[in-house]
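Worksheet for the structure shown next.
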Amino acid sequence: VFCLKTTPPPPPPLSLSLPSFPSLSRSKPFDPNSVYIDPKGNREGRTETETMTVLEVPPTSDGAKSTAINTNRVLLAILIGLVGLQVTVGLEVLVGKNPIIEVLNGTDVLLPCTFTSCMGHKNAIFWWTYQLNKTMKGEKLVTIKLKELKLRSIDIEQEDRIKFVGDIDKNNISLLLDQVDFEDSGLYTCSFKNPNERNQIVNATIKLIIVSEFAKVDNTLTFMILAGIGAFLGLIIVILIIKKLVVFLIKRVGKKNECLVNSSAHDNTDNGHYGSNTDLKSRPKA
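In the numbering used here, each number is its position in the sequence shown, counted from 1, plus 193.
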């Protein structure tokens with residue numbers, strides 16, 4: 194709130210002449226917290242004791258300062274949250290729609306893995322680890338390092354059975370396991386570390402299951418459902434055929450009856466006409 198401090202004027206004298214009011218300005222020592230306004234509009238050569246109108250600006254209260262600090266803190270927290278969300282969404286590793294792969298013993302299996310990054314992947318590091326289960330320590334199988342955007346090195350622990358079949362240019366770091374056996378069952382984790390995004394690390398895990406034969410799927414329920422649907426459709430088709438046949442027979446019988454009626458009426462008309470001529474000829478003369 195801005196307050197204009199002035200000296201209250203004395204009451205006007207009781208006379209017929211116009212009352213004279215004192216000036217609204219007063220002398221006051223220079224105060225750095227006040228705004229000085231020169232009534233004459235002269236802003237040059239003012240002194241600290243010059244007579245002028247004083248418009249005091251109240252100092253900021255502690256409550257206002259606290260509110261401003263709290264507002265700044267809230268804005269800073271929101272900004273940090275948005276930055277963290279951008280980093281989380283921009284860096285991602287995918288292993289396909291189904292993270293569980295079941296294959297036969299002795300066959301080859303592809304472990305798919307792709308990555309995405311909004312900040313690029315210069316000098317990034319990728320690696321694959323194997324765990325028998327979640328409680329076991331991970332064993333590193335493959336380590337892939339980049340220099341800028343080009344492949345710098347690939348370290349593979351078991352080169353005779355593990356092959357890197359991905360393409361860094363296509364954001365693909367998939368592996369191929371040759372002739373897997375039951376000991377290869379477990380968890381395979383694909384990881385991505387990006388120095389362009391504050392060394393954030395993201396990963397995704399595939400569960401590999403090796404079986405001697407695939408479990409037979411019981412299709413009894415499916416067969417029963419399909420059989421029921423087929424029977425229902427067949428019944429509808431039979432009903433439609435019977436309906437068409439009945440309508441056809443009814444129309445055919447109706448046409449035959451109409452023909453018989455028309456033929457009988459025509460015969461009766463012809464017989465009546467001949468009979469009338471005979472009667473006319475056999476009438477006795479008067």
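From the three backbone atoms N, C-alpha and C, an ideal C-beta is built for every residue, glycine too. Just so we're clear, the structure is a prediction, and the values are computed from it rather than from any experiment.
Residue burial classification, residue i (beta-carbon count within 10 angstroms, cutoff 16)
| i | result |
| --- | --- |
| I394 | exposed |
| F416 | exposed |
| S405 | exposed |
| F407 | exposed |
| V440 | exposed |
| P305 | buried |
| G299 | exposed |
| E451 | exposed |
Element boundaries [beta strand (DSSP E), containing residue i]
| i | result |
| --- | --- |
| L401 | 393 to 404 |
| Q324 | 318 to 324 |
| S310 | 307 to 310 |
| E285 | 284 to 287 |
Residue-chain proximity (residue i, chain D), Cβ-Cβ < 9 Å
| i | result |
| --- | --- |
| A317 | The structure shown contains no chain D, having only a single protein chain. |
Test item: CB-CB of residue i and residue j under 9 Å
| i | j | result |
| --- | --- | --- |
| T398 | V288 | yes |
| L368 | K356 | yes |
| A317 | K400 | no |
| K315 | L339 | yes |
Assigned secondary structure, residue i (DSSP; H/G/I helix, E/B strand, else coil)
| i | result |
| --- | --- |
| N389 | helix |
| G299 | coil |
| Y381 | strand |
| I366 | coil |
| L342 | coil |
| T336 | strand |
| F357 | strand |
Member of the options whose CA lies at the smallest distance from the CA of residue i
| i | options | result |
| --- | --- | --- |
| F308 | D348, D377, R266, T382 | T382 |
| E350 | P388, L414, E332, C306 | E332 |
| K327 | D371, I361, V335, S378 | S378 |
| E376 | L419, I403, I429 | I403 |
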